[in-house]
Amino acid sequence: MKIQIILLIIVTSVLVLQCKHDTLPLPNIPEDEPRIVGDEYIQLNHKFDRASGYDFDAPGDIYLGADNFLYIADTGNDRIVMLDLGGGIMGYSQFIPHPEAITQNDSLALLIVNKTNKVYKIDLFKHDHHIDQAPVEVVFEQSSEPTRQFTGISVHNGFEYYVTVVDSTVSPVLSQIYDFYGNNVWKGPLPLYANGSGLFSALIPTGITSLREQYLDISSRENTLGFIFCQSGSYPPANLFNYYKVQFITTVLFEGQEVLAPKTDLSGTPEEEYLYYYDKFYLPEDVALDYGGNIFVVDAGSPDGVRLPGFYRFGPTGQQQQAVVGFGSGDYQFKNPKGIAVTRNTDNQTVYISDTGNNRILQFKLSRDL
Numbered sequence: 001m002k003i004q005i006i007l008l009i010i011v012t013s014v015l016v017l018q019c020k021h022d023t024l025p026l027p028n029i030p031e032d033e034p035r036i037v038g039d040e041y042i043q044l045n046h047k048f049d050r051a052s053g054y055d056f057d058a059p060g061d062i063y064l065g066a067d068n069f070l071y072i073a074d075t076g077n078d079r080i081v082m083l084d085l086g087g088g089i090m091g092y093s094q095f096i097p098h099p100e101a102i103t104q105n106d107s108l109a110l111l112i113v114n115k116t117n118k119v120y121k122i123d124l125f126k127h128d129h130h131i132d133q134a135p136v137e138v139v140f141e142q143s144s145e146p147t148r149q150f151t152g153i154s155v156h157n158g159f160e161y162y163v164t165v166v167d168s169t170v171s172p173v174l175s176q177i178y179d180f181y182g183n184n185v186w187k188g189p190l191p192l193y194a195n196g197s198g199l200f201s202a203l204i205p206t207g208i209t210s211l212r213e214q215y216l217d218i219s220s221r222e223n224t225l226g227f228i229f230c231q232s233g234s235y236p237p238a239n240l241f242n243y244y245k246v247q248f249i250t251t252v253l254f255e256g257q258e259v260l261a262p263k264t265d266l267s268g269t270p271e272e273e274y275l276y277y278y279d280k281f282y283l284p285e286d287v288a289l290d291y292g293g294n295i296f297v298v299d300a301g302s303p304d305g306v307r308l309p310g311f312y313r314f315g316p317t318g319q320q321q322q323a324v325v326g327f328g329s330g331d332y333q334f335k336n337p338k339g340i341a342v343t344r345n346t347d348n349q350t351v352y353i354s355d356t357g358n359n360r361i362l363q364f365k366l367s368r369d370l
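Under our numbering, the first residue of the sequence shown carries the number 1, and numbering increases by one thereafter.
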């Protein structure tokens, strides 16, 4: 009964909040999208960019919370921006230095990392979802390791969370995934192979998404240790390479215990159409999931555009279904995109891309939904 009451309070608070945020300027929203028949991704007219009244500076991540708000890591502006699903600005956080990645726990608090050795928290529920009133707290600092860089973060099991970690001062390089308790106490690193070339091995991890995200909503009780992480997979100074730049880590039962293990069946024929193809990505930065088990990956591409940036959608078997790639600042083009979020219902789904190098957020829908 207590859980039902708490959920009712949360939902009511969010609905009231949506009705009260009317003091911020509204962005310019273009006319309706054209209807197109087919099954490919169409970029929506409404871009969250300067021309439409936004002022993002190198947004490094985008996250769709259980509260149905979008949260942008506005890296260059040292803040988190809170939007509704249509792009309406709901508020700005207090100062947080160069935020890079965002997640949300079951009490709707945001957890943020910024390529330092710290984890930050913004308690939205405590402050009635007024993000501007919620203090930015440091809830963990690995003070004994000041050169650690936390690059990605994702909640699992409600409040516990994973953090991807890199440290180039450790020879040849430290590449790990940390596990934390819900009270922000460090459990230790996950038992992945260090700097290996195969599955179940991390080499310069860039982002992580718990399998909990597949079912994430306010009433979700999905608890799992599994996750998907992405990585550079390349460290030339030590001649280190990993060919699995996006890895799906699931769980198996071993002597009655749930333990982590690599999911190995995400390859097929033709091999270049599958998630585990060795040359599929150049620099994958982020992963998202939907209710159907589809896997979305955003690839930053190479700085010169030779390896095209963009995003990919894979089915649960790992087979590619769609891709949108292109280098530049026009439509269907990206520069160093680092974040991806999707509405989890597969019907009338929207894909949001944090187009970091172009200081904007782009939206895409399948043509069958237009």
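For every residue, glycine included, the Cβ atom is placed at its ideal position computed from N, Cα and C. In this text, all values refer to a predicted model and were calculated from it rather than measured experimentally.
Beta-carbon proximity of residue i to residue j, cut-off 9 Å
i    : j    : result
F311 : F227 : no
G330 : L308 : no
D106 : G158 : yes
L111 : H129 : no
A73  : A101 : yes
I295 : F248 : yes
P237 : V173 : yes
L371 : R344 : This structure leaves residue 371 out entirely; the chain is present only between 1 and 370.
L260 : L289 : no
Q149 : V166 : yes
N77  : D49  : no
S175 : T103 : no
S210 : H156 : yes
K115 : N184 : no
A341 : L70  : yes
D279 : E272 : yes
C-alpha distance - residue i paired with residue j, whole-angstrom precision
i    : j    : result
K187 : F180 : 5 Å
Y178 : P337 : 25 Å
G293 : G315 : 7 Å
Y277 : S267 : 7 Å
T356 : L85  : 19 Å
N117 : I96  : 14 Å
R79  : R313 : 29 Å
R212 : T250 : 12 Å
P262 : G53  : 44 Å
A194 : S302 : 25 Å
G198 : K126 : 43 Å
E31  : Q322 : The predicted position of E31 is uncertain, since its pLDDT is 48 and thus under 50; no value can be drawn from it.
Q257 : G87  : 44 Å
L253 : T75  : 40 Å
Q214 : G182 : 20 Å
S354 : E255 : 43 Å
T350 : L64  : 11 Å
N358 : T147 : 29 Å
Same chain, Cβ closer than 7 Å to residue i, five either side skipped, listed in chain order
i    : result
V246 : I228, C230, L275, F281, P284, V287, V297
G305 : F327
T264 : L199
Beta-carbon proximity list for residue i, same chain, < 6 Å, skipping 5 on both sides
i    : result
D369 : N348
Q133 : H127
Residue from the options whose Cα sits closest to the Cα of residue i
i    : options                : result
Y243 : L203, R344, I131       : L203
E137 : Y235, A66, D123        : D123
Y352 : L260, P59, E273        : P59
A324 : T343, A300, R344, T346 : Inspection of the sequence shows that residue 324 is occupied by Val rather than by Ala. That would be A300, whose Cα lies nearest to the Cα of V324.
V81  : I131, E272, E271       : I131
T346 : Y291, G339, S354, Q321 : Y291
L83  : E160, D304, I62        : I62
G207 : Q133, T350, Y162, K121 : Y162
P99  : M90, S171, V113, Q333  : V113
D270 : G318, S232, V259, D167 : The question names Asp, yet the displayed sequence has Pro at residue 270. The shortest C-alpha separation from P270 is found at G318.
P135 : D67, Y92, L44          : Y92
T164 : P189, V185, E258       : P189
D55  : G339, I89, S168        : I89
V139 : T147, V119, Q133       : V119
N223 : G339, G196, E160       : E160
Any non-hydrogen atom of the ligand ADP closer than 8 Å to residue i Cβ
i   : result
M82 : Here there are no bound small molecules, and the ligand ADP is not part of this structure.
Same chain only: Cβ atoms within 8 Å of residue i, ignoring 5 sequence neighbours per side
i    : result
S234 : L203, I204, L240, F241, N242
P191 : L260
E145 : N117, D167
K47  : R360, I361, L362, Q363
Beta carbon proximity, residue i to chain B, threshold 9 Å
i    : result
N183 : Absent from the structure: chain B. Only one protein chain is present.
- request: Could you tell me which uninterrupted alpha helix (DSSP H) segments, each at least 4 residues in length, are contained entirely in the region 67-107, listed from first to last along the chain?
  value: For secondary structure counted as the alpha helix (DSSP H) over 4 or more consecutive residues, the region 67-107 holds no complete run.
Tell me the start and end of each unbroken alpha helix (DSSP H) in the region 141-207 that is at least 4 residues and wholly inside, in chain order. None, since the region 141-207 contains no complete alpha helix (DSSP H) of that length.
* Unbroken stretches of the beta strand (DSSP E), 3 residues or longer, contained in the region 306-343 -> Taking 3 residues as the minimum length, the beta strand (DSSP E) runs contained wholly in the region 306-343 are 310-314, 320-325, 339-342, in order along the chain.
Which complete beta strand (DSSP E) runs does the region 34-66 hold, if anything under 3 residues is left out?
As far as the region 34-66 is concerned, its whole beta strand (DSSP E) runs of at least 3 residues are 41-43, 61-64.
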